[in-house]
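Residue numbers (UniProt numbering): 1 to 545.
If you want it as structure tokens, here you go:
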């Protein structure tokens with residue numbers, strides 16, 4: 001009897017709790033309290049009581065609580081006017097996206113059909129409660145915004161299960177979120193950025209009603225809070241910073257500025273049986289080397305006087321940005337003391353024929369042009385012999401590794417000591433981006449001069465401006481890391497008057513390269529020395545071979 005009594009007691013308790021929850025649920029839904037008064041929809045700010053204002057503080061817009069956030073009423077007015085059309089467009093996207101998902105369940109679990117009976121986002125649009133734009137040295141735009149939506153959508157999904165019809169209705173949807181969006185990188189193709197990166201800066205607040213069989217399912221005690229927390233946690237897990245949502249706008253190859261990924265080593269060995277372009281003597285050949293798609297000046301061998309079988313044995317290093325698409329262009333000329341140099345022949349070598357780290361010897365038959373229908377290509381023009389090898393930078397070596405396993409790659413990378421990484425040969429990339437408030441006493445046509453280890457390079461001049469923008473990149477090939485070197489960048493102005501050129505120094509800066517070597521990159525703005533308010537913006541990178 002003791003055991004039986006306990007079982008009956010537990011059973012009675014369970015039945016009683018179940019009946020109580022069901023009765024309470026329907027009483028809560030179908031009987032409204034009579035002692036609750038309706039408050040007006042809006043009240044003037046100065047008429048709100050202090051106690052009520054304290055309760056409302058979390059709901060105030062960001063531009064009220066944080067002065068660095070700006071109001072965007074113009075944008076909210078724009079959305080309000082466009083909302084009837086945005087509603088139809090967004091609902092169309094929701095419907096077209098959901099139909100294939102619904103189709104996967106039809107026929108399973110005795111489901112006959114799933115469809116939208118009603119689908120509208122209502123008449124109340126979302127609103128931005130403030131926006132803040134951040135300064136950045138990178139080629140990107142970063143802004144933070146707070147969005148809230150207390151909408152009146154009417155979304156009804158009808159489900160036919162066996163011979164029974166069920167419907168679920170989403171009502172009174174509310175959401176509040178603060179997000180950060182980054183438009184990057186900037187490209188010279190409309191809309192001038194290729195990606196939007198979005199992340200949440202705090203957990204979103206979500207609330208909604210869900211009617212099933214005429215009753216609000218969210219009215220069940222405890223379920224409302226549980227669903228809210230679950231949705232908020234799941235959204236935060238996916239998109240709360242540092243997690244991001246990447247939205248591609250343009251193809252990554254459109255307008256993208258490619259960065260160097262390695263060094264092409266070329267050794268021009270010799271040539272044989274070249275054309276003789278001179279009457280009284282033999283040709284004076286030399287070779288010009290360049291990479292396709294590269295704006296840098298071509299490199300040249302020395303001139304071998306009076307020879308049709310010259311021997312050079314000269315080494316060159318060229319910066320590679322796209323080994324799958326770029327080609328090495330080789331042009332041979334006959335040097336002339338006066339007048340244009342005669343063309344002896346040319347040839348190209350696609351870099352995709354090279355395997356990283358492997359040296360390749362080539363013998364190239366020279367042609368007049370790459371046009372297969374050129375009749376002059378039938379004339380023998382001799383041969384050019386050279387050695388080539390492609391050496392990727394350490395940080396890019398994994399992309400060009402062949403069939404090595406991950407374990408083998410990891411071992412090869414870990415075997416490189418820090419001393420080699422810091423003291424080995426590499427490429428220093430210096431990008432002079434812009435300057436601000438550079439004012440000259442007599443004229444302001446600023447240009448920048450970059451000096452490293454006696455090698456001097458300069459940007460183009462920008463006429464009549466205190467805030468020039470250059471965006472010019474310079475490359476310095478170094479046999480060892482410049483741990484103890486300073487790079488000197490000087491901003492000057494020049495003007496030509498009556499055939500004479502006058503120059504003026506607007507300011508300079510000396511940058512220690514030690515930080516660049518250890519960190520791989522710096523992107524900073526520096527105050528110019530000997531300038532009142534001048535600022536220089538540079539980006540410096542170190543690529544280890």
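Heads up, the beta-carbon is just placed ideally off N, CA and C, and yes, glycines get one too. All values reported here derive from a predicted model rather than from experimental measurement.
DSSP places residue 369 outside both helix and strand once states are collapsed to three, so it counts as coil. Between residue 463 and residue 445 a beta carbon distance of about 5 Å is seen, short of the 8 Å cut, so the two are scored as contacting.
If the five residues before and after residue 150 are omitted, its C-beta is found closer than 7 Å to the C-beta atoms of 124 and 174, all from its own chain and listed in chain order.
When DSSP states are grouped into helix, strand and coil, residue 93 belongs to the helix group. Taking 8 Å as the cut-off, the beta carbon of residue 458 is found closer than this to the beta carbon of residue 450. The Cβ neighbour count for residue 485, taken over all protein chains shown within 10 Å, is at least 16; the residue is labelled buried.
For residue 545, the closest alpha carbon among the candidates 491, 435 and 428 is that of 428. If the five residues before and after residue 76 are omitted, its C-beta is found closer than 7 Å to the C-beta atoms of 127 and 128, all from its own chain and listed in chain order.
The straight-line gap separating the alpha-carbon atoms of residue 380 and residue 431 is approximately 44 Å. Comparing alpha carbon positions, the residue from 112, 426, 120 and 68 closest to residue 83 is 120.
Here the segment 231-238 does not lie against the segment 278-290, with fewer than 3 beta-carbon pairs under 8 Å apart. A distance of 8 Å or more separates the beta carbons of residue 204 and residue 193. DSSP places residue 283 in the coil class of the three-state scheme, outside both helix and strand. Put simply, the segment 308-317 does not touch the segment 364-380. Fewer than three CB pairs are less than 8 Å apart. With a minimum length of 4 residues, the unbroken runs of alpha helix (DSSP H) contained wholly in the UniProt domain "C2" (408-526) fall at 418-423 and 514-519. The alpha carbon of residue 506 has as its nearest neighbour, out of 518, 493 and 517, the alpha carbon of 493.
Beyond the five residues adjoining it in sequence on each side, residue 110 comes within less than 8 Å, by CB distance, of 161 and 162 in the same chain, given in chain order. In this structure, the straight-line span from the alpha carbon of residue 520 to that of residue 122 is close to 52 Å.
Taking C-beta atoms as the reference points, residue 274 and residue 283 count as a pair closer than 8 Å. Between residue 536 and the set 543, 509, 518 and 530, the nearest pair of CA atoms involves 509. For the pair residue 385 and residue 266, the Cα-to-Cα distance works out to about 11 Å.
When DSSP states are grouped into helix, strand and coil, residue 121 belongs to the coil group.
Residue 263 places its beta carbon 8 Å or farther from that of residue 301. When rounded, the separation of the alpha-carbon atoms in residue 452 and residue 460 is 18 Å. Residue 376 sits in a helix when the DSSP states are folded into three classes. Distance from the CA atom of residue 357 to the CA atom of residue 388, rounded to whole angstroms, is 10 Å.
Assigned with DSSP and collapsed to three states, residue 81 falls in helix.
Across the set 341, 296 and 116, the C-alpha of 116 shows the shortest separation from the C-alpha of residue 91.
Taking the CA atoms as reference points, residue 158 sits about 26 Å from residue 225. Residue environment for residue 426: buried (at least 16 other C-beta atoms within 10 angstroms of its C-beta). Of the candidates 332, 528 and 113, the residue whose Cα lies closest to the Cα of residue 270 is 332. In the DSSP assignment, residue 341 falls outside any beta strand (DSSP E), carrying neither H nor E. Distance check between residue 199 and each of 145, 135 and 227 places 145 closest, using alpha-carbon atoms only. Across the structure, residue 241 and residue 201 are spaced so that their CA atoms are roughly 6 Å apart. The C-alpha of residue 139 is placed about 32 Å away from the C-alpha of residue 93.
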